[in-house]
Structures are given as structure tokens and as C-alpha cells.
Ligand SMILES: Cc1ncc(COP(=O)(O)O)c(C=O)c1O
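Numbering (our numbering), first residue to last: 100 to 390.
Given below as C-alpha cells:
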């Protein structure tokens, strides 16, 4: 597989970074993951806006790849040369503050950021989706800037591992008694026909899938209340689902071994998934039709 590193295309196995890269030493960087269908990126601009926000907040100078035309050119070459122009794929982009002797404060102005990108085949987890997935709850021990998509993912890694060790797909993270989000997806619930989800702010990542799903819900006149539900509310959820670039809309039918609603994917979740999937396919197809 091909990788992009600092302006060069090379086999992924040959793409190496110096040990003093601040991403390696401090986790000092941001990343993005796009979904792609038939070589076309989904929601290019929204992901770029989130990337620009993270770079600004961390005061890392935005490199060229944060521009739409450059990103699309890199994506095209990676998809083409990795045989990913047909079917489903993901594009991963990471930007770190660059290479410098280890000291906490920023390196000298002009230190070049490290820019890495790779494309991967993606197989949507449709088997699990049709049955529904299970989740556990786990304490949300992350910092207070979860709105920045940093590469510092250790609490997310620990939460996901705890889930995997209990045979679950995801961990619903709990802070001060409320469900914030999952380890790698936003979490939405349905109580009495109303979609509930943690509001935007510093405690969750502003998920692109979450945003699209909420727009779809509005278009379908499904009521949405952007208010967190508590850990205790989990027992009275009629439906629960994840929203994320690799989850799409994923029903959660058990939490801590207790069924949610009927214990099967609920009607609102299934409807939102079907609408989301149609929108994903249509918007990627429209992107390939445009010049
Ligand atoms: C912590 C967290 N929340 C939510 C999401 C979902 O965001 P998106 O829909 O933009 O993929 C992700 C995606 O990686 C994530 O890591």
C-alpha cells in the first residue's frame, strides 16, 4: 500500500518518521478520517473545517493538505495506486507539530509540520448492524478539549479495549453521570420518540456523521433534543445508536448485558441508517459527476 509523507509518495513500509517527531514524543498533532465511496470523499469540507479548527486551537500552522484541492489530489493518487477507486475506503490524514529536540514548549517558528496520509479498504460492519451491537459503560477520563481531534487517544484506546475484552463493540463514556460519547463514535439515544444526544461543546468531538444524522432527522421530522442522557437513563432508552465515520449508524442493542428497548435494532435507528446510507452514496456519486 502507498503512503503520503511530507510531499512524497512511497510504500507504506518505507514511510518512516524521525524519533524526535513531536507526534511520537508528545502526541502533539491532529488527524482526520474521511469515508470514501468509489474514490470520492464524503463531506470533504466539513472534515477540513474540523481539521482547520484543531490546527488553530493547537497553533499548528495549516499545511497545504488542509486545502481542498491538495487533499483531493493526494486522495486521488492514494486511491488510484492502492486499487481503491471501486467500493469503500477510508482516508487517514495526520499532521504533527514536526521534528525538534524534545522540549515541551513549541519548537522554533518555521519548524515544518509532519504530514502523513494513507488510504485503506473499508468493509462496513453490516452483519453486526443487522443484529445490533453491544456496548459497555466506562468512565470518561479524557481531558477537557475533546472537541479537538488530537492523536492523543489513550483513554479512547483503553475504553475500546475494555469493551473488546467484554465482547462489546463500543464503550459509552460517562462523565459526571452523563453519557458523553463512544471511544470512536458519537452516541445517540431515543426516549419516547425523541432523539437525545450530548450537546456540542468541549466534552465531545463534533462528529460529522452526528451532524449529518441530525440533519436527516430534522428532514424526516423526527424530534431531536441535543441534551445528554444520564447513565441511569440508559435503562429507559427505547433505542440507542452510534454515529461515526466507520460506524455509520450502528444500533446498540445491549449495554452492560442489559437489552435496550426490544433488544433488536429500533425503527428510528434503522430508518436513519437507511437514509444516511442513501445520502452517503448519493453525495459521493455527485462528487464524481462534478468536474
Ligand atoms: C471520540 C469520537 N467521537 C466521535 C467520532 C465520530 O466523528 P465522525 O462522525 O466525524 O467520524 C469519532 C470519530 O473518530 C471519535 O473518535
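Just so it is clear, CB atoms sit at the ideal spot from N, CA and C, and this is done for glycine as well. For clarity, every value in this text was computed on a predicted model and none was experimentally measured.
- At a cut-off of 4 residues, the continuous stretches assigned as alpha helix (DSSP H) that sit fully inside the stretch 126-202 are 143-157 and 167-180.
- Within the model, the alpha-carbon separation for residue 176 versus residue 227 is close to 32 Å.
- With respect to the 8 Å criterion, residue 278 and residue 324 are not classified as neighbours on the basis of their beta carbons.
- Taking C-alpha positions only, residue 100 is separated from residue 288 by approximately 38 Å.
- Our two residues, residue 271 and residue 350, have alpha carbons roughly 13 Å apart in a direct line.
- Counting every other CB atom within 10 Å of its CB across the protein chains shown gives residue 146 a total of 16 or more, marking it as buried.
- Distances between the C-beta of residue 189 and the heavy atoms of ligand 1 are all 7 Å or more.
- A residue is called buried once 16 or more other Cβ atoms fall within 10 Å of its Cβ, and residue 286 is buried on that count.
- CA-to-CA, the gap between residue 307 and residue 262 works out to about 23 Å.
- Judged by beta-carbon spacing, residue 363 lies beyond the 8 Å limit of residue 354, meaning their Cβ atoms are not closer than that value.
- Between residue 174 and the set 124, 233 and 103, the nearest pair of CA atoms involves 103.
- In this structure, residue 338 sits away from residue 303, with a CB-CB distance that is not shorter than 8 Å.
- Relative to ligand 1, residue 132 has its C-beta within less than 7 Å of a heavy atom.
- When DSSP states are grouped into helix, strand and coil, residue 320 belongs to the coil group.
- Three or more beta-carbon pairs drawn from the stretch 119-137 and the stretch 180-198 are found closer than 8 Å, and the two stretches are therefore classed as touching.
- Judged by DSSP in its simplified three-state form, residue 282 adopts coil rather than helix or strand.
- Ligand 1 never approaches residue 316 closely enough for any of its heavy atoms to be under 7 Å from the residue's Cβ.
- CA-to-CA, the gap between residue 248 and residue 334 works out to about 30 Å.
- Annotation: residue 213 to residue 193 spans about 8 Å, alpha carbon to alpha carbon.
- Boundaries of the alpha helix (DSSP H) harbouring residue 383: 366-388, taken from the DSSP string.
- Leaving aside the five residues that flank residue 167 on each side, the residues in its chain whose CB is nearer than 8 Å to its CB run, in chain order, 143, 144 and 147.
- In the pairwise beta carbon analysis, the stretch 177-192 is classified as not touching the stretch 310-320: fewer than three pairs are separated by under 8 Å.
- In the three-state reduction of the DSSP assignment, residue 275 falls in the coil class, being assigned neither a helical nor a strand state.
- Each of 296, 327 and 258 was checked against the Cα of residue 342, and the nearest Cα belongs to 296.
- Approximately 6 Å separates the beta-carbon atoms of residue 151 and residue 161; this is inside 8 Å, confirming the contact.
- Under DSSP, residue 343 shares a beta bridge with 347.
- If you look at residue 257, you'll find it in the alpha helix (DSSP H) that goes 253-264.
- By the neighbour-count criterion, in which a residue is buried when 16 or more other Cβ atoms sit within 10 angstroms of its Cβ, residue 283 is buried.
- When DSSP states are grouped into helix, strand and coil, residue 310 belongs to the helix group.
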